[in-house]
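Take a look at the structure below.
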Amino acid sequence: MLYQLIRSQRKTVALEIRPDGTLLVRAPYRMTARDIETFLDQHQSWIEKHQKKVLEARSQVKVLSSEELRALARQAARVIPERVAHFAPMVGVTYGRITIRAQRTRWGSCSSKGNLNFNCLLMLAPPEVLDSVVVHELCHRKEMNHSPRFYAEVYRVFPEYDRWHKWLKDNGAALKARLP
1218 MLYQLIRSQR KTVALEIRPD GTLLVRAPYR MTARDIETFL DQHQSWIEKH
1268 QKKVLEARSQ VKVLSSEELR ALARQAARVI PERVAHFAPM VGVTYGRITI
1318 RAQRTRWGSC SSKGNLNFNC LLMLAPPEVL DSVVVHELCH RKEMNHSPRF
1368 YAEVYRVFPE YDRWHKWLKD NGAALKARLP
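Going from the sequence shown to the numbering used here is simple: count from 1 and add 1217.
Structure follows, in structure tokens:
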């Protein structure tokens, strides 16, 4: 099985199917190549199912033109800062710079300096999906992890988080497949 391997200080293995259908494996430094292969064998059906899903999504979508992508980025540059400004007081945090990108792997991120990055493809999702990502990233200003305390804060501010996070998991590959 072909895959890209990224080793790091992490404690667990993570699998990601990229928008082009390739498999990305994130593994701890301490994990042997043999253990990685065993893990992949054990998760073969999951890998095949999700690769098929991603490739089907890619074949069924219209790829955005350069102009359409620029228009999405302009829309995101107007809308996202408004949503961040709306939710930041509810979370009780401040933030730095907001950057809009067209990304293949992330919907949003938060740096340790409080700078926020968002994917312009969020403009193609329901508004609640955008709000769930905004709240998620703002909550990282309090907790730079995905601990129970982090999620308690997310749910406090956005009780419907699970519903819209699931929407993004179910439909995100099709959105990312629209990137040129």
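In this text, a Cβ means the ideal position worked out from N, Cα and C, and glycines have one as well.
Do you know whose CA, among F1256, K1228, G1238, lies nearest Y1246's CA? Along the sequence shown, one-based indexing puts residue 1246 at 29. Closest option to Y1246, Cα to Cα, is K1228.
If you check the beta carbons only, do N1332 and G1313 fall under 8 Å apart? Here residue 1332 refers to the residue found at position 115 when the sequence shown is read from its first residue. Here residue 1313 refers to the residue found at position 96 when the sequence shown is read from its first residue. Cβ atoms of N1332 and G1313: closer than 8 Å.
Is S1441 helix, strand or coil by DSSP? Shown here, the chain extends from 1218 to 1397; a query on residue 1441 therefore has no answer.
Could you check where the alpha helix (DSSP H) with F1367 kicks off and where it finishes? In the sequence shown, residue 1367 corresponds to position 150, counting from 1. Start and end: 1365-1374.
With 16 as the cutoff for other CB atoms within 10 Å, does I1234 come out buried or exposed? Within the sequence shown, the letter at position 17 stands for residue 1234. Buried is the call here.
Residue of Q1226, V1374, T1311 minimising C-alpha distance to V1350: Taking the first residue of the sequence shown as position 1, residue 1350 is located at position 133. V1350 has its Cα closest to that of V1374, out of Q1226, V1374, T1311.
Residues in its own chain within less than 6 Å of L1392 by CB, not counting five upstream and five downstream? One-based indexing of the sequence shown puts residue 1392 at position 175. So the qualifying residues of the chain are L1338, L1341.
Restricting to runs no shorter than 4 residues, where is the alpha helix (DSSP H) found entirely within the region 1264-1339? 1283-1308
Only counting the same chain, and skipping five residues up and downstream in sequence, which positions put a Cβ closer than 8 Å to that of E1370? Residue 1370 sits at position 153 when you count from the first residue of the sequence shown. Taken in chain order, the residues that qualify are V1308, C1356, K1359, E1360.
Only counting the same chain, and skipping five residues up and downstream in sequence, which positions put a Cβ closer than 6 Å to that of D1298? Counted from its first residue, the sequence shown places residue 1298 at position 81. A small fix is needed here, since residue 1298 is Pro in this sequence, not Asp. The answer, listed in chain order, is I1315.
Quick check on DSSP: helix, strand or coil for Q1226? As a first step, residue 1226 must be located in the sequence shown, where it is residue number 9. Looking at Q1226 - three-state DSSP - the assignment turns out to be coil, as it is neither helix nor strand.
Applying the criterion that 16 or more other CB atoms from any shown protein chain within 10 Å of the CB defines a buried residue, is L1219 buried or exposed? Counted from its first residue, the sequence shown places residue 1219 at position 2. Exposed is the call here.
Closer than 6 Å by C-beta to I1223: which residues in its own chain qualify, once you throw out the five before and the five after it? Chain order, please. Sequence index remark: in the sequence shown, residue 1223 carries index 6 (1-based). Closer than 6 Å at the Cβ level, and outside the excluded window around I1223, lie R1243.
Are there three or more Cβ pairs, one per stretch, closer than 8 Å when the region 1316-1325 is compared with the region 1285-1301? yes
Using a C-beta cutoff of 8 Å, does H1260 count as contacting chain C? Within the model displayed, chain C is absent; a lone protein chain is all it includes.
Expressed to the nearest angstrom, what Euclidean distance is found between the alpha-carbon atoms of N1362 and P1397? Start at 1 with the first residue of the sequence shown, and residue 1362 comes out as number 145. Start at 1 with the first residue of the sequence shown, and residue 1397 comes out as number 180. Answer to the nearest angstrom: the Cα atoms are 32 Å apart.
Per DSSP, cross-strand counterpart(s) of Q1221: In the sequence shown, residue 1221 corresponds to position 4, counting from 1. According to DSSP, which records beta bridges pairwise, Q1221 is partnered with L1241.
So, C1327 versus E1354, is the Cβ gap smaller than 8 Å? Translated into the one-based positions of the sequence shown, residue 1327 becomes position 110. Translated into the one-based positions of the sequence shown, residue 1354 becomes position 137. It is a contact, given that the beta carbons lie within the stated cut-off.
Separation of A1394 from A1274, as counted between CA atoms: Here residue 1274 is taken as the residue at index 57 of the sequence shown, counted from 1. Here residue 1394 is taken as the residue at index 177 of the sequence shown, counted from 1. Those two C-alpha atoms are separated by around 7 Å.
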